[in-house]
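For the sequence shown, the residue numbers in our numbering are 383 to 860.
Ideal placement from N, C-alpha and C gives every residue a C-beta, glycine not left out.
These numbers come from a predicted model, not from an experiment.
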Amino acid sequence: MKKIFLPIALVFCFLSLKAEISLPNIIGSNMVIQQNTNVRLWGGASKNAFVEISVSWSSEKVKVKADKNGQFSAEIKTGKYTFLPQTITFNDLKDNTELMLTDILIGEVWLASGQSNMQMPLKGFPGCNIEGGFEEIMFADNEASRIRFFTVPLKHSYNLEEDVDASWTIPSAKTATEYSAVAWNYAKALSHALGCPVGIVSAAYGGTLVESWMSKQLLEKHGVSTKKEDIENVEWEYEKILLPYNAMFWPIHKFTYKGVIWYQGCSNVGKHKTYYQRLKDMIQLWRSDIGLGDIPFYMVEIAPYDYGSGDAPFLREVQFKVAKEVNNSGLVSTSDLVLPQERYNIHPRQKKPVGQRLASLALNKTYGFETFIFSGPTFKELLIEKNEAFVGFDNLQMGLCSNYMIEGFEIAGEDKKFYPADSVWLRWQTNHVVVSSKKVEKPVAVRYCFKDFSCGSLYGGGMTPAYPFRTDDWDDVK
């Protein structure tokens, strides 16, 4: 019998013809997939091969054909949530190769993004602690059966990326150290209130601008240069626009989400005039990219911090306006969650209440739990009687809370000079806060927490703080 010897390179060439199923890392074992919907899956197989997808919770199988490049996409139907681990199996029918994903939970999936106060992990940042962070880490495995995290690593790219170097993890004392503290507390609150698993995809990058999370086309629409040399020629790495969108958002945008939680804005302080439209357009862009309609987009107001410019309250005002105008969105206030000694700490330590307030917002607006109060008092009217200003409010499901010293109010006359109120009292019969100052005989305007750093103590029901506001339109007064 004649033996035929093939060159080694040719042998490897033949071996490489047998393709294997490949998936982006966000589709993997230990993940949570969205309940009661059609979940999108995509990946690679043999060229023009049929890929059969089977799932453990149903006898139905899905068969799709890969294109000439070996790329396929499919949708699988999910039912009600379950804590029982499930599997998804992919089979390349052409080469008869198989890939099985295990320990999958079905529940609610949320994307968490923004800058450092969303990125900030349970272990904290160097020089900045998380209150109760290590206690959460210590007992994280208590949530191992109900919460899963996928944390996108910090990365820049001038071109659109298709994958990220990450994997789904199960909470433990080892893995939880790097979990976003806000997103972790959001997931815990949501999971226990809904009684179902929750998955978090965390894609946050400290210091980023809203422009960092916008596409090339959208930036150019706003007249922003997207030339590579212009993007690279900035002082700080984290302020580079476009690149996080390409490298951190785009690779995970096709995953099936219930909604988005967003904590960003500090780096746009001083740019509030452009932030308004750009934030609105970014929300529209993300919803369009994700392709699931107007999914919830819930935001966090930037916390009190002494920027030294007086511009922060105008940025918060814009955040409030966007949340009011954009369909299916919302904003939680943080005006009471910073301690006096944190005046120069851009990363305040109280993250648990932030996550829980976002959860209350979602539970009410998305899941229909009306008992959860998600909005604090909002300014309604200003009435002047002699030297006193009577401030009225909306969103008073349980009235104004009068059990605290009310701080954060300022009052001004026609000279536009604001003075801290030296008398603040609650007229409980009408839910008006009555404000006055001995230095203002004829008041015409009132502001509440309308400074870079001003911590308020006016609450509505459910310990929801009043949103910062001003009754004037004096943009030149800081």
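Would you give the residue range spanned by the beta strand (DSSP E) that residue i belongs to?
{"i": "Val736", "result": "Not the beta strand (DSSP E): Val736 falls in the alpha helix (DSSP H), residues Lys734 to Lys747."}
{"i": "Phe420", "result": "Correcting the residue identity first, residue 420 is Asn in this sequence and not Phe. From DSSP, the beta strand (DSSP E) with Asn420 extends over Asn420 to Gly426."}
{"i": "His814", "result": "His814 to Ser818"}
{"i": "Gln701", "result": "Per DSSP, Gln701 belongs to no beta strand (DSSP E); it is in the alpha helix (DSSP H), Ala694 to Glu707."}
{"i": "Gly515", "result": "Not the beta strand (DSSP E): Gly515 falls in the alpha helix (DSSP H), residues Gly515 to Met520."}
{"i": "Pro467", "result": "Thr464 to Asp474"}
{"i": "Phe754", "result": "Per DSSP, Phe754 belongs to no beta strand (DSSP E) and is neither H nor E."}
{"i": "Leu808", "result": "Ser805 to Arg809"}
{"i": "Pro825", "result": "Counting along the chain, Pro825 falls outside any beta strand (DSSP E), and DSSP gives it neither H nor E."}
{"i": "Glu457", "result": "Gln453 to Lys459"}
{"i": "Ser436", "result": "Phe432 to Val437"}
{"i": "Lys429", "result": "Looking at the DSSP string, Lys429 is not in any beta strand (DSSP E), and its letter there is neither H nor E."}
{"i": "Lys414", "result": "One detail in the question is off: residue 414 reads as Val in this sequence, not Lys. Run containing Val414: Val414 to Gln416, per the beta strand (DSSP E) assignment."}
{"i": "Phe631", "result": "First-last for Phe631: undefined, no H or E at that position."}
{"i": "Phe800", "result": "Phe800 to Pro802"}
Which residue or residues does DSSP assign as beta-bridge partners of residue i?
{"i": "Val859", "result": "DSSP, once it has assigned bridges, lists no residue as partnering Val859."}
{"i": "Met681", "result": "Trp644 and Leu713"}
{"i": "Glu763", "result": "Gly774"}
{"i": "Pro503", "result": "Ser562"}
{"i": "Cys783", "result": "Tyr841"}
{"i": "Lys447", "result": "Phe432"}
{"i": "Thr551", "result": "Phe531"}
{"i": "Ile861", "result": "Lying before the first or after the last residue shown, residue 861 is absent from the chain, which here runs from 383 to 860."}
{"i": "Arg852", "result": "Arg829"}
{"i": "Ser404", "result": "Gly426"}
{"i": "Pro847", "result": "Tyr841"}
Quick one: using the 10 Å Cβ neighbour count with 16 as the cut-off for buried, is residue i buried or exposed?
{"i": "Ala848", "result": "buried"}
{"i": "Met413", "result": "buried"}
{"i": "Asp577", "result": "It is worth fixing the name first, because residue 577 is Gly in this sequence and not Asp. Exposed, because fewer than 16 other Cβ atoms sit within 10 Å of the Cβ of Gly577."}
{"i": "Phe521", "result": "exposed"}
{"i": "Asn628", "result": "buried"}
{"i": "Tyr830", "result": "buried"}
{"i": "Gln723", "result": "exposed"}
{"i": "Ile665", "result": "buried"}
{"i": "Val616", "result": "exposed"}
{"i": "Trp810", "result": "exposed"}
{"i": "Asp676", "result": "exposed"}
{"i": "Thr846", "result": "buried"}
{"i": "Tyr587", "result": "buried"}
{"i": "Arg530", "result": "buried"}
{"i": "Leu721", "result": "exposed"}
{"i": "Ala705", "result": "buried"}
{"i": "Lys462", "result": "exposed"}
{"i": "Arg852", "result": "buried"}
{"i": "Val806", "result": "buried"}
{"i": "Asn418", "result": "exposed"}
{"i": "Asp834", "result": "buried"}
{"i": "Trp550", "result": "buried"}
{"i": "Met455", "result": "The displayed chain sequence assigns Ser, not Met, to residue 455. It counts as exposed."}
Would you mind reading off the limits of the alpha helix (DSSP H) that contains residue i?
{"i": "Ser607", "result": "Looking at the DSSP string, Ser607 is not in any alpha helix (DSSP H), and its letter there is neither H nor E."}
{"i": "Ile665", "result": "His654 to Ile672"}
{"i": "Phe791", "result": "Where Phe791 is concerned, there is no enclosing alpha helix (DSSP H), although the beta strand (DSSP E) it sits in stretches over Phe791 to Ala794."}
{"i": "Met482", "result": "It is not in any alpha helix (DSSP H) - Met482 instead sits in the beta strand (DSSP E) that spans Thr479 to Gly496."}
Return yes when the C-beta of residue i is under 7 Å from any heavy atom of the ligand NAP, and no when it is not.
{"i": "Thr460", "result": "Ligands are entirely absent from the displayed structure, and the ligand NAP is therefore not among its contents."}
Would you check if there are 3 or more beta carbon pairs closer than 8 Å linking the region 665 to 675 to the region 627 to 647?
-> yes
Alpha helix (DSSP H) runs wholly inside the region 560 to 629, at least 4 long, in chain order = 563 to 576, 598 to 603 and 610 to 614
Using 8 Å as the Cβ pair cut-off and three pairs as the minimum, do the region 576 to 595 and the region 481 to 494 touch?
-> yes
Between the region 766 to 774 and the region 588 to 606, do three or more beta carbon pairs fall short of 8 Å?
-> no
Three or more C-beta pairs below 8 Å linking the region 532 to 549 and the region 504 to 519 = no
Three-pair Cβ contact test at 8 Å for the region 777 to 784 versus the region 749 to 766 | yes
On the three-pair Cβ rule with 8 Å, is the region 618 to 625 touching the region 679 to 691?
-> no
How about the region 654 to 665 and the region 781 to 801: do they share at least three Cβ pairs that are nearer than 8 Å?
-> no
Three or more C-beta pairs closer than 8 Å, one from the region 425 to 435 and one from the region 462 to 482: is that the case here?
-> yes
Please confirm if the region 732 to 742 is in contact with the region 556 to 574, defined as three or more CB-CB distances below 8 Å between the two stretches.
-> yes
Quick one: any contact between the region 641 to 651 and the region 735 to 749, if contact means 3 or more CB pairs under 8 Å?
-> yes
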